[in-house]
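Q: Numbering (the working numbering), first residue to last: 38 to 149.
As structure tokens, this is what we get:
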């Protein structure tokens, strides 16, 4: 998840005062924050606007994180571009039970 957030953060320009800020905390090291946001599952991405939580995402679904950031912070305006969102689908079942065919997702930095 840190790679996904780093990639997203790199696409938003630095501004003064900051318009968009990305922070990463270890929930076990900062227990006060974990209690404030009722962290029960990691990773947890919390999006805030004007000091209020507007959305929380748990798990590692990069597509959900990217969509939420773009919804609340707007699309990045810097020259760097994120790879297009990728859709990953399960393979159709073959005649061999228990055998799974690997699928490729286009190799897009884990962004879905």
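Don't be surprised by glycine CBs; every beta carbon is placed ideally from N, CA and C.
Measuring CA to CA, which of 98, 86, 103, 102 is closest to residue 57?
A: That would be 86, whose Cα lies nearest to the Cα of residue 57.
Q: Would you tell me roughly how many angstroms separate the C-alpha atoms of residue 78 and residue 40, rounded to the nearest one?
A: Residue 78 and residue 40: Cα-Cα distance of roughly 19 Å.
Q: In three-state terms, what does DSSP make of residue 95?
A: Residue 95: strand per DSSP, three-state reduction.
Q: Using the three-state DSSP reduction, which class does residue 84 fall into: helix, strand or coil?
A: If DSSP states are grouped into helix, strand and coil, residue 84 belongs with the strands.
Q: What's the C-alpha gap between residue 103 and residue 109?
A: About 10 Å.
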